[in-house]
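First up is the structure itself, then whatever we jot down about it.
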Amino acid sequence: MLRRRLSSLAKMVLHVAQECACGIPDVRIVFASRHGELVRTTTMLEGLAAKEDLSPTLFSMSVLNASVGLFSILQKNTAPATAISAGCASFGYGLLEASLQLADKPELPVLLVYADEPVPSVYEECELPGSKAHGIGLLLESSAEMRISISSSGGRFAPSRETQSQAFLRCLDQGESEWRESDRTWCWKREE
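Dropping the structure here:
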């Protein structure tokens, strides 16, 4: 019954979280998404505009932290969970939050889950071309073999033509990458 209630975004979040943190009891979780459950929210708004009743289930599953809450319930995880939405820089701020949590208590791992999907057609003029549904899971541990450094600088820039999460994945693949929004450049570098 739960599967029927899950959106495609929620299924992505739960899959990525399970793959990354299976068997890690009470892992702290940071969930980040630029749009969150915008598809579900748009459906609700269209229903309200058509004078239809609002489904309590649909509403309860539309909030940003719904998927992470479900993961916590399914895993019987009582550790803290944080949900972040910071526009086009949501991935970076989610990674920053997860890193700060790890620095605060290095003995406890932190799971970062980022997930997003293309926006409904009514909002597509606000979307980057080629955006697609994707989810990323990173388990941050103080004993991790791979380390990534981050730096950022302010200024005026032409924004990148890819999502921030795609730029980060390029760093994992190529060793370094950068991503620009109009007033900030984010740089990631894999430390050897």
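Using our numbering, the letters of the sequence shown correspond one by one to residues 361 to 552. Ideal Cβ placement from N, Cα and C applies to all residues, glycine included.
Within the continuous beta strand (DSSP E) that includes residue 544, where are the two ends?
544-551
With DSSP run on the structure shown, which of helix, strand or coil describes residue 375?
helix
Which residues mark the beginning and the end of the beta strand (DSSP E) in which residue 499 is found?
494-500
Can you give me the C-alpha to C-alpha distance between residue 514 and residue 400, rounded to a whole angstrom?
35 Å
Please list, in chain order, all residues of the same chain as residue 424 whose beta carbon is under 6 Å from its beta carbon, the five residues on each side excluded.
396, 443 and 445
Residue 496 classed as buried or exposed, judged by whether at least 16 other C-beta atoms fall within 10 angstroms
buried
Looking at the structure shown, is residue 387 part of a helix, part of a strand, or coil, going by DSSP?
coil
Taking only runs that begin and end inside the region 414-491, name each unbroken alpha helix (DSSP H) of 4 or more residues, in chain order.
416-420, 426-435 and 450-464
Should residue 469 go down as buried or exposed, given a rule of 16 or more other Cβ atoms within 10 Å for buried?
buried
Just checking my contact of residue 471 with residue 387 at CB under 8 Å: how many whole Å lie between their CB atoms?
5 Å
Going by DSSP, what residue range makes up the alpha helix (DSSP H) through residue 407?
398-409
Helix, strand or coil: which one does DSSP assign to residue 521?
coil
Same chain, Cβ closer than 8 Å to residue 453, five either side skipped, listed in chain order:
392, 444 and 446
Residue interval of the beta strand (DSSP E) (run including residue 540)
536-541
Backbone CA spacing between residue 477 and residue 418 [nearest angstrom]:
18 Å
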